Amino acid sequence: MSSQSAKKAPVKKASKKSVKSVKKEPVKKAPAKKAPAAKAPAKKAAAKKKAGGAAVSTQEDVADVPVATKASEKKTPATPCIAFVAAGPGDPDLIAHRGARMLSDAGYVLADEAAVPIAEAFVAADIIDVVNPDAAGPAADRIKPAVDAAKAGTVVVRLLAGDPMMGSGLVGEVGAVRRAKIDIEIVPAVSEITGVPAYAGFGLVGNKAKEVRVVDAQDSSVRWEELAVPRVTAVFPSGANHLVHIARAMLEAGRSGDTPVAITRDGTTVDQQTVVMTLSEAAEAATTRRSGFVVIGEVVEQRERLDWFERKALVGWRVLIPRTQDNTAGLVTRLRRLGAVPSEVPTISVEPPRTPQQVERAVRGLVEGRYEWVGFTSANAVRAVREKLYEYGLDARSFSGLRVAACGPGTVDALIEFGVRPDLVPEEDLSTGGLLDAWPPYDSLLDPINKVFVPRADIATDTLAAGLTDLGWEVEDITAFRTVRAAPPPAPVREAIKTGGFDAVMFTSSSTVRNLVGIAGKPHQSTVVACIGPHTAKTAEEHGLRVDVLAEDSTPEGLAEALAAHGVVMRERAEEAGEDEWRPSKKRAAGRRKS
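Going by the working numbering, the first residue of the sequence shown is number -8, and it counts up by one from there.
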């Protein structure tokens, strides 16, 4: 064995950023947690902060997977075992359910560098070590950190990029594990051979195509004449950087120049792009070093009918959500289903009022029967009153005999969760203005009491109170909570906001506009600004922002649908103009929004 082959494959620190080629020399140790076994030549992955502290997915969120826990909280296996789990073609949702469960139970994960984003979708970064499967050295050295961890009693997962059953690297690592008297388990995932074409919008057989050949583009002994017949669909998993050679060889072997060719890069992720051309065009195309998945055959024509993933309204869009304490899970889920990558940034925190005497007196008035109505305009107002009732040992029964009004689905949900079903909710306009339009005027014959309690934020407008006063009601407009600006987001997020790194920003309230501009600055002029309602849009315009999207339905879901419709229009305009790129972040202008 040469001195070079005897070197151990270096294990590297996980990173959230795009994976680059791994050098073959060891990486310097960084101060971080150690691997479960002291001898493991591994560097620990440092957990990076994501935008607004929220995770960014490659596509839709992964359902039914337990929250990742620290290594110290993991179960200890009765018998040492290493699970070899396939990461799949790129989308975390395409990993096997069993593989996802194993990752969630793992105390130590040794991942191929290309599989790190998949690992971090399921486990904390501090239990991930990264290895280059192509580094020089025996497989036993590459798998040694996992072996040491398993012997130390840790639940271990070896996460392999793509489909390991399509290569030979798995055999050497499994052999080393067995020689160490450790059990193994192999968990496959969706293979890129079928997964990437499915996301690109075509199958691999159909009509004349009856046979599939998976070919290594670097194999010098390919029998091209066997691939030249229409019954064969030729698949080159990493063939894009060899496309010119492949196309010319197939043409020389007799394949028709009209045969369609599909090149898919970043398959099954939100950055997926598929280019279709003929075999003759491929033979004359410019050479490239970028790898990609290549399919040659008549089946590519199915894309005209089956293309679905790249037609999603917001596929690949980076969408910023300035977040309050309201639950944005529904909005995030909807955006991911539309193909977007949402990033949440906290903009406010909610605190009790500096002088709580007023709200305490008002809450006592609920019990004493001092009010006819209580009007809630936010979920935070509901929480503030609920917590004050709990302090007095009271609950939802304190609302007995009162009429309750609410606007906004989050507000209504918070009331129902508390056990109070509102009597008045606007049917169409869900804003404060809509609630005011639906509110009945005071009638001295029908209403025994003329007082209304409106708990609100310290910075809320007095639109509702003023309108109720005009309707004849006596309003106690009381500060029930304070909104305080959150700390600025990390520097990379601030830079992305100012330079157009986000395709869109979604404002769900006036306070999110004020606070985002205050802690991070104005979004770049190329960023699409979407507002949930007219009041929010007015605040955005007052801060010098151009409002591109205004939701007709003033709900988070309605806002997502409005942004999706805008995205479709932008795509259609780009296609009419013959432009390949339509995402705002890819077409951003040089200037900033003017205040």
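Glycine is no exception: its CB is placed at the ideal position from the N, C-alpha and C atoms.
The structure presented is a predicted model; accordingly, all values stated were derived computationally and were not measured.
- By the criterion of at least three beta-carbon pairs nearer than 8 Å, the segment 246 to 253 is not in contact with the segment 194 to 202.
- G330 and D84 have their C-alpha atoms some 13 Å from each other.
- Two segments are said to touch when three or more pairs of C-beta atoms, one from each, lie closer than 8 Å; by this definition the segment 460 to 469 does not touch the segment 488 to 508.
- It is roughly 49 Å from the alpha-carbon of V376 to the alpha-carbon of L101.
- At the C-beta level, V147 and A141 come within 7 Å of one another.
- Residues of the same chain with a CB within less than 6 Å of the CB of V358, apart from the 5 flanking positions on each side, are S389 in chain order.
- Nearest neighbour of D494 by Cα position, chosen from L541, L305, P136, turns out to be L305.
- In the DSSP assignment, no residue is bridged to D139.
- Burial check for Y99: the Cβ neighbour count within 10 Å reaches 16 or more, so the residue is buried.
- Residue pairing by DSSP places A102 opposite V121, L150 in a beta bridge.
- The continuous beta strand (DSSP E) containing L311 extends over residues 309 to 314.
- Distance between G153 and P228, taken at the CA atoms: about 10 Å.
- When Cβ pairs closer than 8 Å are counted between the two stretches, the segment 529 to 546 is seen not to touch the segment 363 to 372, the count staying below three.
- In this structure, I469 keeps its C-beta atom at 7 Å or more from the C-beta atom of P432.
- If you draw a straight line from the Cα of D125 to the Cα of M157, it comes to about 15 Å.
- P129 has its alpha-carbon roughly 41 Å from the corresponding atom of E301.
- The three-state reading of DSSP puts G401 in helix, counting H, G and I together.
- If you compare the alpha carbons of N232, H233, L195 with that of A225, the shortest gap goes to L195.
- Approximately 7 Å separates the beta-carbon atoms of L311 and I488; this is inside 8 Å, confirming the contact.
- Note on geometry: alpha-carbon atoms of R325 and F472 lie some 30 Å from one another.
- Only buried fits S500, as 16 or more other CB atoms lie within 10 angstroms of its CB.
- At least 7 Å separates the beta-carbon of L415 from that of C398.
- Between L427 and L455, the gap from beta carbon to beta carbon is short of 7 Å.
- Judged by DSSP in its simplified three-state form, F300 adopts coil rather than helix or strand.
- As computed with DSSP, M561 is found in no beta bridge at all.
- E563 and L554 have their C-alpha atoms roughly 14 Å apart.
- Our two residues, N123 and A106, have alpha carbons roughly 10 Å apart in a direct line.
- Taking the Cα positions, A167 is about 18 Å away from D120.
- Residue R374 holds the alpha-carbon nearest to the alpha-carbon of V354 among R374, G81, T518.
- Look at T278 here: in three-state DSSP terms it is coil, with no helix or strand label.
- With distances taken between CA atoms, E295 lies nearest to V267 out of V267, K577, Y362.
- Pairwise C-beta distances place the segment 176 to 196 in contact with the segment 73 to 90, as three or more of them are shorter than 8 Å.
- Secondary structure note for D96: its alpha helix (DSSP H) is the uninterrupted segment 88 to 96.
- Residue pairing by DSSP places T470 opposite R447 in a beta bridge.
- Closest in C-alpha terms to E351, from the list L385, P337, P333, comes L385.
- Annotated as distal: I287 and T474, with beta-carbon spacing of 7 Å or more.
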